[in-house]
Structures are given as structure tokens and as C-alpha cells.
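J.:
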Amino acid sequence: MLFDTHTHADYSCDAEQTIGEAAKAAHDLGLGIILTEHWDRYYPSYPESFQFDIADYFRHNTPLRSDTVLLGIEVGLQPKAIAEDKAMVKQYPFDEVVGSMHCFDGLDMYEPDTYRGITKDEAVRRYLEDSVRCLEMEPDFDSYGHIDYICRYMPYEDPNLYYKDHPDLWNRVFRLLIEQDRVIEINTRRLGDASVVPPLIELYRRFHELGGKYATLGSDAHYKEHVGRDFATGQQIARAAGLQLVYFKERKRIVCP
1 MLFDTHTHAD
11 YSCDAEQTIG
21 EAAKAAHDLG
31 LGIILTEHWD
41 RYYPSYPESF
51 QFDIADYFRH
61 NTPLRSDTVL
71 LGIEVGLQPK
81 AIAEDKAMVK
91 QYPFDEVVGS
101 MHCFDGLDMY
111 EPDTYRGITK
121 DEAVRRYLED
131 SVRCLEMEPD
141 FDSYGHIDYI
151 CRYMPYEDPN
161 LYYKDHPDLW
171 NRVFRLLIEQ
181 DRVIEINTRR
191 LGDASVVPPL
201 IELYRRFHEL
211 GGKYATLGSD
221 AHYKEHVGRD
231 FATGQQIARA
241 AGLQLVYFKE
251 RKRIVCP
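Just so you know, we're using our numbering here: the sequence shown kicks off at 1 and counts up by one.
Here it is as C-alpha cells:
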């Protein structure tokens, strides 16, 4: 069974679905689902908004847990948060931990002011340099979320990422993931636009060339209508890059048939 390994519901402040609605949407598509609520310590724009009561999360959601409904978390990676978050992750029985870059240099990639006065090349370089800094600290996660998150919000004419623009930095990011036995996520949120697919395939293919073997599929759904969106395209990307799709249960990697 395929799993949607990146979804948000009741405990993510920006989500508009319940875990029950998300689970039903996944079931109707023949998918399993992993709930990965937002956890962003020291988030610059809204410091308290992207954290939640994790003990309450498990009390509320554990009765819904099953072979096809799993409980995880999405941890925002920032150098100053990694030590605390490594300790936090060890305290709770997550099925999957997604590690994601939502900031670089302490700046929120969502906010327009982050890009004011800098070129696309500088923004992407700083994003990748901070990614390297985070990964060198060996954060505790299973799947590396949405490598193209910055593309959603960069205000430049062409928001896509290209391996050729920063090959040394991309190689460093991918090698760190491989050395630490991390899986890379194919996030399907942007895949409704066919123009984003070729540069993403090139990046995922390079991950594979360097020794990466596995990928997860995640919709990043905040609404029930978005669960499992564009998974067919995500599967095509995995095949083109030579990556085997997996999901996580009890922090153990499971190959999708």
C-alpha cells in the first residue's frame, strides 16, 4: 500500500481538516496516511503557533491509530533548535519524523520580506548552506521534507530549483542525507504544474546517483481535498529517479509494494 506520509490536521494551526477527514480521504483513494503535525521551535514569524501539546496529540489520536493511520510529526530544522528537538523526538512514539527546512538564517521562507534586496541565486545559496549546517548537526528524523519548499514563496520569475546552479551544495546536502541513512521526500504539492517536474527529477536523480535509494510520497495536505494529490506524478518522478517508495511505522522503513 502507498502512504501519504506528510499531512496536517487538528494540531497544525494552518490546517482545515480533522484527522478523521484526512483518514477517510486517504481510505477512499486506497492510501494509508501518516499525520505529521507542524513542530517549529523558534519559528521567527509566529513563535508559538507551530508547536502543540504532543502528549495531548497522542491521547486524542491514538484511538484512531491503525495499520493504515499512523502518527508522526514534521519538525522544522534550525541549527539552534536541533539539540532540543532531538531530545523531544526520543520522548514520544512517533511512526515517522519528517525533517523540513522552513527557514534559512533564522528567516521565514514564507515571508516576502525574506527575499527583499537579494537575488534568487543568493536566496537559494543561503537556503542550501543553512540546510548543510542543520544536517551536519545530525538531527533526528526519517524523511527529509519538501526540498522545493522555497519554490512556493520565492518572488522571482522562475521559482524552480536547478542542480546546475549550486551543484556542490546540492551534493553536500544529498551526501549528508545518504550518510545518515535518511529518506528523501517527493512532495506532491507543486506537481500540478508540469513545468516543475523536469528540474525536480534531475535533483532526485542526483540523490540516487550519489547512493540514495528511497523516497516517501507526501501531499502536505492541509485540506481533505488535497490528500494524495498528484500521487501518480510523484510515482513517475520516483521511477524516473530510480528511487524506491517507502513509508515509516514505529520509525522503521517499510518498502511500498
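Note that the Cβ used here is the ideal one computed from N, Cα and C, for glycine as well.
Assign H8 to one of three DSSP states: helix, strand, or coil.
T.: For the purposes of this step, residue 8 is taken as the residue at position 8 of the sequence shown. Residue state, collapsed to three classes: coil.
J.: D142 to R190, Cα distance in whole Å?
T.: In the sequence shown, residue 142 corresponds to position 142, counting from 1. In the sequence shown, residue 190 corresponds to position 190, counting from 1. Their Cα atoms are separated by approximately 22 Å.
J.: To which residues does DSSP link F207 through a beta bridge?
T.: Start at 1 with the first residue of the sequence shown, and residue 207 comes out as number 207. Paired residues: none, contrary to the question.
J.: Where does R182 land, buried or exposed, given buried means 16+ other C-beta within 10 angstroms?
T.: Within the sequence shown, the letter at position 182 stands for residue 182. It is buried - the Cβ of R182 has at least 16 other Cβ atoms within 10 Å.
J.: Taking buried to mean at least 16 other C-beta atoms within 10 Å of its own C-beta, is Y92 buried or exposed?
T.: Start at 1 with the first residue of the sequence shown, and residue 92 comes out as number 92. Answer is exposed; the Cβ neighbour count stays below 16.
J.: I'd like the span of the alpha helix (DSSP H) that includes N171, first residue to last.
T.: Numbered from its first residue, the sequence shown carries residue 171 at position 171. Per DSSP, N171 belongs to the alpha helix (DSSP H) from 167 to 179.
J.: If you measure between the beta carbons of H102 and Y57, is that distance less than 9 Å?
T.: What you label residue 102 is simply residue 102 of the sequence shown in a count that begins at 1. What you label residue 57 is simply residue 57 of the sequence shown in a count that begins at 1. In this structure, Y57 does not lie closer than 9 Å to H102 by Cβ.
J.: Helix, strand or coil: which one does DSSP assign to G242?
T.: Counting from one through the sequence shown, the residue named residue 242 turns up at place 242. G242 falls in the coil class under three-state DSSP.
J.: Of all the options V97, D130, A22, K213, which has the alpha carbon lying nearest to the alpha carbon of L64?
T.: Mapped onto the sequence shown, residue 64 falls at position 64. The residue with the shortest Cα to Cα distance from L64 is A22.
J.: Does DSSP put L107 in a helix, a strand or coil?
T.: What you label residue 107 is simply residue 107 of the sequence shown in a count that begins at 1. Strand at L107.
J.: Just tell me which of I147, L176, P155, T233 has its CA closest to the CA of Y162.
T.: In the sequence shown, residue 162 corresponds to position 162, counting from 1. Taking only the C-alpha atoms, the option nearest Y162 is I147.
J.: Which value, in whole angstroms, describes the spacing of the CA atoms of D67 and R116?
T.: Taking the sequence shown and counting its residues from 1, one reaches residue 67 at position 67. Taking the sequence shown and counting its residues from 1, one reaches residue 116 at position 116. Looking at the two C-alpha atoms, the distance is approximately 46 Å.
J.: Could you spell out the range, first to last residue, of the beta strand (DSSP E) harbouring G32?
T.: As a first step, residue 32 must be located in the sequence shown, where it is residue number 32. Counting along the chain, the beta strand (DSSP E) containing G32 begins and ends at 32 to 39.
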